[in-house]
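First up is the structure itself, then whatever we jot down about it.
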Amino acid sequence: GDSVTQMEGPVTLSEEAFLTINCTYTATGYPSLFWYVQYPGEGLQLLLKATKADDKGSNKGFEATYRKETTSFHLEKGSVQVSDSAVYFCARANAGKSTFGDGTTLTVKP
Amino acid sequence: DVKVTQSSRYLVKRTGEKVFLECVQDMDHENMFWYRQDPGLGLRLIYFSYDVKMKEKGDIPEGYSVSREKKERFSLILESASTNQTSMYLCASSPPIDDTQYFGPGTRLTVL
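Protein chains in written order, with the numbering used here: chain A, 10 to 119; chain B, 60 to 171.
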């Protein structure tokens, strides 16, 4: 079946460090790809998405590029802030149904 | 902004009780979903619905049922709660031509 594999956490970084969270997906069909973020005590919210190969999603300084050849959608940010501390979920979706990765917990220290 | 609300943020129930978790969305979305979130297991799909009075089993439907009598409301029912159903329950909705999901804040259910 469809699956998403993302980098295991937790990840701890200092403020202003570079962030990469790896994500790979199964290539069945033509999925859209997403990154969601979950802040403590809240539900998930959309961070960014890409709907076709070579698309780049971006939001709040985060970026991810839909790479069909490597079936990857890695999340990057050039300079993280303490307020970026959260759990990040990679997801693929097709025909109305989504499959999520297990989540990666990011902690950013001042 | 899309708003998805869930009836309770925290709920404590006894083993064997019947439990209702309510979810309401205000954006006229056709698709609605119930997930449970557990540490180390990510999000697992329990049930989903693409229309009123329609339901489909997800990956872990055992011990759960759902009801969708109105488009905006999707209820998750635990017929006889058990301790292994202690979890965070997340409701989500999405429009038909866009796979973006909009989540509620979650209900943390504890079954004693």
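Glycine included, every Cβ here is placed at the ideal spot set by N, Cα and C.
Taking CB distances under 8 angstroms as the criterion, tell me whether residue i reaches chain A.
{"i": "B:T169", "result": "no"}
{"i": "B:S153", "result": "yes"}
Checking the sheet assignment: what are the DSSP bridge partners for residue i?
{"i": "A:N68", "result": "A:F71"}
{"i": "A:Y39", "result": "Looking at the DSSP assignment, A:Y39 forms no beta bridge with any residue, so it has no partner."}
{"i": "B:V125", "result": "B:L135"}
{"i": "B:A151", "result": "B:F92, B:F162"}
{"i": "B:E76", "result": "Paired residue(s): none; B:E76 is not in a bridge."}
{"i": "B:L102", "result": "B:Q96"}
{"i": "B:S111", "result": "It should be noted that the sequence gives Val, not Ser, for residue 111 of chain B. B:V111 pairs with nothing; no bridge assigned."}
{"i": "B:R167", "result": "B:Y69, B:M147"}
{"i": "A:N103", "result": "A:K106"}
{"i": "A:S81", "result": "A:T33, A:R76"}
Listing by chain order, which chain B residues have their CB less than 9 angstroms from the CB of residue i?
{"i": "A:S41", "result": "D157, D158, T159"}
Cβ closer than 8 angstroms: which chain B residues qualify as neighbours of residue i?
{"i": "A:D111", "result": "G99, L100, G101"}
Who are the neighbours of residue i on chain A, taking C-beta pairs under 8 angstroms?
{"i": "B:Y109", "result": "G105"}
Closer than 9 angstroms by beta-carbon distance: list the chain A residues that pair up with residue i, in chain order.
{"i": "B:P120", "result": "Correct list: empty, because the minimum Cβ distance to chain A is about 14 angstroms."}
Can you pull the chain B residues whose beta carbon is under 7 angstroms from the beta carbon of residue i, in chain order?
{"i": "A:A102", "result": "D158"}
Do residue i and residue j have their C-beta atoms closer together than 8 angstroms?
{"i": "A:E24", "j": "A:V89", "result": "yes"}
{"i": "A:N68", "j": "A:L53", "result": "no"}
{"i": "B:C82", "j": "B:G165", "result": "no"}
{"i": "A:K61", "j": "A:Y45", "result": "no"}
{"i": "A:G10", "j": "B:G101", "result": "no"}
{"i": "A:T29", "j": "A:H83", "result": "yes"}
{"i": "A:Y48", "j": "A:A95", "result": "yes"}
{"i": "B:S146", "j": "B:R73", "result": "no"}
{"i": "B:T124", "j": "B:E115", "result": "The sequence shown places Ser at residue 124 of chain B, not Thr. Taking 8 angstroms as the Cβ cut-off, B:S124 and B:E115 do not qualify as a contacting pair."}
{"i": "B:I119", "j": "B:S126", "result": "no"}
Residues in the segment 43-57 of chain A with C-beta within 9 angstroms of chain B's C-beta atoms, listed in sequence order?
Those would be F43, Y45, Q47, G50, E51, G52, L53, Q54, L55, in chain order.
Taking any Cβ of chain A, which residues in the segment 71-88 of chain B have a Cβ under 7 angstroms from it, in chain order?
Residues of the segment 71-88 of chain B with a Cβ closer than 7 angstroms to any Cβ of chain A: none.
Which residues of the segment 123-150 of chain B have a Cβ closer than 7 angstroms to any Cβ of chain A? Give them in chain order.
If the cut-off is 7 angstroms between Cβ atoms, the segment 123-150 of chain B has L149 near chain A.
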